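K.L.:
Number of protein chains: 2
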Amino acid sequence: MPGEIALGRRYRASRTVVREALKLLSAKGLIASRKRSGTRARPREAWNMLDADILAWRLRDGRAEPKFVSDLLHVRAVVEPAAAAMAARSHTKKSLGPIEEAFAEMERTAHNRVAFADPDRRFHKAILMATGNDFMGAFAALTEAALGAFVRIASRHRGAPGPSVPLHRAVLEAIRRRDAEGAQAAMTALLDRTARNVERNVKGTAKGKGRARARRT
Amino acid sequence: MPGEIALGRRYRASRTVVREALKLLSAKGLIASRKRSGTRARPREAWNMLDADILAWRLRDGRAEPKFVSDLLHVRAVVEPAAAAMAARSHTKKSLGPIEEAFAEMERTAHNRVAFADPDRRFHKAILMATGNDFMGAFAALTEAALGAFVRIASRHRGAPGPSVPLHRAVLEAIRRRDAEGAQAAMTALLDRTARNVERNVKGTAKGKGRARARRT
DNA sequence: GTTCTTTATTATGTCTGACATATCGTCCGG
DNA sequence: CCGGACGATATGTCAGACATAATAAAGAAC
Chain A
28 MPGEIALGRR YRASRTVVRE ALKLLSAKGL IASRKRSGTR ARPREAWNML DADILAWRLR
88 DGRAEPKFVS DLLHVRAVVE PAAAAMAARS HTKKSLGPIE EAFAEMERTA HNRVAFADPD
148 RRFHKAILMA TGNDFMGAFA ALTEAALGAF VRIASRHRGA PGPSVPLHRA VLEAIRRRDA
208 EGAQAAMTAL LDRTARNVER NVKGTAKGKG RARARRT
Chain B
28 MPGEIALGRR YRASRTVVRE ALKLLSAKGL IASRKRSGTR ARPREAWNML DADILAWRLR
88 DGRAEPKFVS DLLHVRAVVE PAAAAMAARS HTKKSLGPIE EAFAEMERTA HNRVAFADPD
148 RRFHKAILMA TGNDFMGAFA ALTEAALGAF VRIASRHRGA PGPSVPLHRA VLEAIRRRDA
208 EGAQAAMTAL LDRTARNVER NVKGTAKGKG RARARRT
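For the protein sequence lines, the chains are A and B, in the order given.
For our numbering, add 27 to where a residue sits in the first sequence, where the first one is 1.
For our numbering, add 27 to where a residue sits in the second sequence, where the first one is 1.
1. Scan the segment 39–70 of chain B for residues whose Cβ lies nearer than 9 Å to a Cβ of chain A and list them as they occur along the chain.
2. My guess is that residue 178 of chain A and residue 134 of chain A are in contact by the Cβ rule of under 8 Å, so how many angstroms apart are they, rounded?
3. Reducing DSSP to helix, strand and coil, say where residue 73 of chain A ends up.
4. Go ahead and pull the three-state DSSP assignment for residue 115 of chain B.
5. At what residues does the beta strand (DSSP E) containing residue 40 of chain A begin and finish?
6. Please decide whether residue 164 of chain B counts as near chain A, where near means a Cβ-Cβ distance under 8 Å.
7. Could you compute how far the alpha carbon of residue 93 of chain A sits from the alpha carbon of residue 145 of chain A?
8. Can you pull the chain B residues whose beta carbon is under 7 Å from the beta carbon of residue 98 of chain A, in chain order?
9. Can you name, in chain order, every residue of its own chain whose Cβ lies under 8 Å from the Cβ of residue 189 of chain A, other than the five neighbours on each side?
10. Residue 109 of chain B touches chain A at which residues, Cβ-Cβ below 7 Å?
11. Across the segment 109–126 of chain B and the segment 116–127 of chain A, are there enough close Cβ pairs to call them in contact, namely three or more that are closer than 8 Å?
12. Between residue 78 of chain B and chain A, is any beta-carbon pair separated by less than 8 Å?
13. Determine which residues share a DSSP beta bridge with residue 61 of chain A and list them.
14. Alpha carbon to alpha carbon, how far is residue 171 of chain A from residue 198 of chain A?
15. Residue 102 of chain B touches chain A at which residues, Cβ-Cβ below 8 Å?
16. Kindly indicate which three-state DSSP category residue 56 of chain A falls into: helix, strand or coil?
17. Is there a Cβ from chain B that is less than 8 Å from the Cβ of residue 228 of chain A?
18. Counting contacts by CB-CB distance shorter than 8 Å, is residue 72 of chain A in contact with chain B?
19. Determine, for residue 156 of chain B, whether the minimum Cβ-Cβ distance to residues of chain A falls below 8 Å.
20. Given that a residue counts as buried once 16 or more other Cβ atoms are within 10 Å of its Cβ, and exposed if not, what is residue 105 of chain A?
21. What residues from chain B crowd round residue 224 of chain A, counting only those whose CB sits closer than 8 Å?
22. Which word fits residue 239 of chain B, buried or exposed, when buried means at least 16 other C-beta atoms lie within 10 angstroms of its C-beta?
23. Under three-state DSSP, which class holds residue 189 of chain A?
24. Would you please verify whether the beta carbon of residue 139 of chain A is less than 8 Å from any beta carbon of chain B?
25. Kindly indicate which three-state DSSP category residue 209 of chain B falls into: helix, strand or coil?
26. Grab me the residues of residue 56 of chain A's own chain with a C-beta within less than 7 Å of its C-beta, minus the 5 sequence neighbours each way, in chain order.
27. Could you give the C-beta distance for residue 129 of chain B and residue 210 of chain B, rounded to a whole number, given that I count them as a contact under 8 Å?
28. Starting from residue 150 of chain A, trace the alpha helix (DSSP H) in both directions and tell me its first and last residue.
29. Count the other CB atoms within 10 Å of the CB of residue 32 of chain B; is the residue buried (16 or more) or exposed (fewer)?
30. Starting from residue 130 of chain A, trace the alpha helix (DSSP H) both ways and give me its first and last residue.
31. Just how far apart, CA to CA, sit residue 244 of chain B and residue 169 of chain A?
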């Protein structure tokens with residue numbers, strides 16, 4: 028990368044500000060600084076992929092979407108059904124409440140796609156929190172990024188999100204009655220629908236051998 | 028938190044250094060700064076739990092281990108079998124190589140626990156990378172933290188890690204023959220053994236209703 | 001000519017002191 | 001009791017200087 032003084036000239040900022048910005052990127056694993064050699068970009072596998080900022084930046088890029096969206100779908104398909112099962116086993120009154128609230132608002136806004144997006148996010152996040160596992164909460168950033176991306180993708184193509192309400196209801200009810208297998212199956216069904224929707228609306232979602240991609244640093 | 032100048036006095040550092048340190052913590056989600064109000068700690072769910080530094084810091088604390096280790100085991104039980112299945116489906120020569128190399132060294136060092144730890148880490152990381160899914164690679168930090176912790180826990184209690192070699196071999200061979208279900212099952216068996224070992228060697232692993240823990244910020 | 005040692009350069013890392021800016025608490029007047 | 005002006009305070013930004021270490025180049029020994 029350009030040196031700190033050069034970056035300072037480029038963006039009209041003092042070296043202090045440049046250094047703090049680089050420190051931020053360094054903390055997220057994007058770059059690494061060594062004396063004399065300067066600051067270099069780190070390989071993709073060093074990035075904190077679940078960091079909310081990194082997810083947002085990669086989304087805003089727009090062009091990088093196809094494999095990105097596909098990977099997102101696959102990881103959600105792994106994590107969220109398991110999280111639903113864990114939540115069914117170990118939820119409490121305190122942690123079940125937010126799930127029920129979010130679902131109630133989803134029912135109220137089932138006719139309006141933009142108003143539906145926020146309770147949808149809260150629903151999935153509340154389930155992750157209800158697992159009681161600290162690491163599951165870390166996926167909230169991922170699901171929120173995914174939902175944000177999918178809303179942008181689907182917003183122009185289809186109507187109201189009404190049909191997904193009963194699928195969400197099935198997840199909630201299975202969790203409420205502490206039916207782990209049922210919650211897992213219901214969440215799988217819900218994500219399958221999402222995946223089909225996204226795949227239908229996006230051309231070239233890099234399914235199949237989508238791995239062989241650019242892989243630029 | 029104390030103000031930046033106070034921290035500077037406390038640690039004999041200039042405000043520049045203090046600010047860069049705070050920026051690092053801020054990038055990882057531990058703290059947030061607002062003008063005039065000062066810098067405050069953020070709730071646990073805002074932390075980047077998969078960040079390598081945060082995992083290392085939480086491990087070095089020592090006392091926080093019981094629920095931490097339990098959560099680690101549960102997340103691995105969710106992610107790694109699925110990763111093994113994905114790797115079985117979409118590995119290439121390039122991505123299979125590191126798995127085989129790591130396993131070969133595990134066989135050579137099966138008698139020596141400390142020498143065994145490193146290829147063990149590489150084995151699990153290589154599988155995560157072989158999925159071809161960028162987000163799966165992000166779990167490498169987690170599995171490495173987990174293995175580091177488990178080695179510390181088990182090092183004083185038991186002998187050589189020999190018995191786990193055939194379990195690893197089963198995972199490798201299932202991946203090599205592109206048997207997704209087999210790889211998933213083999214990885215589940217491997218992690219089950221690890222979990223049983225850890226639970227046997229640690230008192231009070233916060234199994235069951237381990238959720239109701241301190242939850243301090 | 002090759003190799004080892006020394007020196008110089010150059011980037012990051014640290015320090016200092018100052019000013020800018022926004023926000024919270026307080027005070028005052030309506 | 002309420003709303004606006006004002007001052008205090010902590011973060012945010014700036015400028016210039018020096019420290020430090022790692023690389024590259026120059027030089028000495030063989």
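Every residue gets a Cβ at the ideal spot worked out from N, C-alpha and C, and that includes glycine.
As the structure is a computational prediction, the values presented were derived from the model and not from experiment.
P.N.:
In short:
1. Within the segment 39–70 of chain B, 43, 46, 47, 48, 50, 51, 52, 53, 54, 55, 56 place their CB atoms closer than 9 Å to a CB of chain A, listed in sequence order.
2. On the first sequence, residue 178 of chain A is found 151 positions in, with the first residue counted as 1. On the first sequence, residue 134 of chain A is found 107 positions in, with the first residue counted as 1. The distance from the Cβ of residue 178 of chain A to that of residue 134 of chain A is about 18 Å, inconsistent with a contact at the 8 Å cut-off.
3. As a first step, residue 73 of chain A must be located in the first sequence, where it is residue number 46. Three-state DSSP puts residue 73 of chain A in a helix.
4. For the purposes of this step, residue 115 of chain B is identified with residue 88 of the second sequence, where counting begins at 1. Residue state, collapsed to three classes: helix.
5. For the purposes of this step, residue 40 of chain A is identified with residue 13 of the first sequence, where counting begins at 1. DSSP places residue 40 of chain A outside any beta strand (DSSP E), giving it a letter other than H or E.
6. One-based indexing of the second sequence puts residue 164 of chain B at position 137. Yes, its Cβ sits closer than 8 Å to a Cβ of chain A.
7. The residue given as residue 93 of chain A occupies position 66 in the first sequence. The residue given as residue 145 of chain A occupies position 118 in the first sequence. Whole-angstrom Cα-Cα distance: 24 Å.
8. As a first step, residue 98 of chain A must be located in the first sequence, where it is residue number 71. The contact set of residue 98 of chain A on chain B, defined by CB atoms closer than 7 Å, consists of 160, 161, 162 in chain order.
9. By one-based count along the first sequence, residue 189 of chain A stands at place 162. Excluding residues within five positions, the ones whose Cβ falls inside 8 Å are 137, 138.
10. Counted from its first residue, the second sequence places residue 109 of chain B at position 82. Within chain A, the residues near residue 109 of chain B are 105.
11. Using a C-beta cut-off of 8 Å, the segment 109–126 of chain B makes no contact with the segment 116–127 of chain A, since fewer than three inter-stretch Cβ pairs fall below that distance.
12. Start at 1 with the first residue of the second sequence, and residue 78 of chain B comes out as number 51. It does; some Cβ of chain A falls within 8 Å.
13. Sequence index remark: in the first sequence, residue 61 of chain A carries index 34 (1-based). Secondary-structure assignment with DSSP links residue 61 of chain A through a beta bridge to A/65.
14. Within the first sequence, the letter at position 144 stands for residue 171 of chain A. Within the first sequence, the letter at position 171 stands for residue 198 of chain A. Residue 171 of chain A and residue 198 of chain A have their alpha carbons spaced roughly 18 Å apart.
15. For this step, residue 102 of chain B is matched to residue 75 along the second sequence. In chain order: 160, 162, 163.
16. Translated into the one-based positions of the first sequence, residue 56 of chain A becomes position 29. The three-state reading of DSSP puts residue 56 of chain A in coil, since its state is none of H, G, I, E or B.
17. As a working note, residue 228 of chain A is residue 201 in the first sequence. False, the Cβ-Cβ gap to chain B never drops below 8 Å.
18. The sequence position of residue 72 of chain A within the first sequence is 45, counting from 1. Residue 72 of chain A counts as touching chain B.
19. Here residue 156 of chain B refers to the residue found at position 129 when the second sequence is read from its first residue. Yes, its Cβ sits closer than 8 Å to a Cβ of chain A.
20. Counting from one through the first sequence, the residue named residue 105 of chain A turns up at place 78. Counting the other CB atoms within 10 Å of its CB gives residue 105 of chain A a total of 16 or more, which places it among the buried residues.
21. Residue 224 of chain A sits at position 197 when you count from the first residue of the first sequence. Proximity of chain B to residue 224 of chain A at the Cβ level (cut-off 8 Å) is not reached, the minimal Cβ distance being about 20 Å.
22. Taking the first residue of the second sequence as 1, we reach residue 239 of chain B at position 212. Any answer about residue 239 of chain B is weak, because its pLDDT of 42 lies below 50 and its placement is not dependable; what the coordinates show is given next. Residue 239 of chain B should be labelled exposed.
23. Start at 1 with the first residue of the first sequence, and residue 189 of chain A comes out as number 162. DSSP places residue 189 of chain A in coil when its eight states are reduced to three.
24. Residue numbering aside, residue 139 of chain A sits at position 112 when the first sequence is read from its first letter. For residue 139 of chain A, the nearest beta carbon of chain B is not closer than 8 Å to its own beta carbon.
25. Locating residue 209 of chain B in the second sequence gives position 182, counting from the first residue. Note: residue 209 of chain B maps to helix in three-state DSSP.
26. Your numbering for residue 56 of chain A matches position 29 in the first sequence. So the list reads 69, 73, 74, 75, once near-sequence residues are dropped.
27. As a working mapping, residue 129 of chain B is identified with position 102 in the second sequence. As a working mapping, residue 210 of chain B is identified with position 183 in the second sequence. The C-beta distance from residue 129 of chain B to residue 210 of chain B rounds to 15 Å, too long to fall under 8 Å, and the pair is not in contact.
28. Residue numbering aside, residue 150 of chain A sits at position 123 when the first sequence is read from its first letter. Start and end: 140–157.
29. For the purposes of this step, residue 32 of chain B is taken as residue 5 along the second sequence, with counting starting at 1. It counts as exposed.
30. If you number the first sequence from 1, residue 130 of chain A lands on position 103. Bounds of the alpha helix (DSSP H) holding residue 130 of chain A are 120–135.
31. Numbered from 1 along the second sequence, position 217 holds the residue referred to as residue 244 of chain B. Numbered from 1 along the first sequence, position 142 holds the residue referred to as residue 169 of chain A. Residue placement at residue 244 of chain B cannot be trusted, given a pLDDT of 41 that sits under 50; what the coordinates show is reported in the next sentence. If I take the Cα positions, the gap works out to 23 Å.
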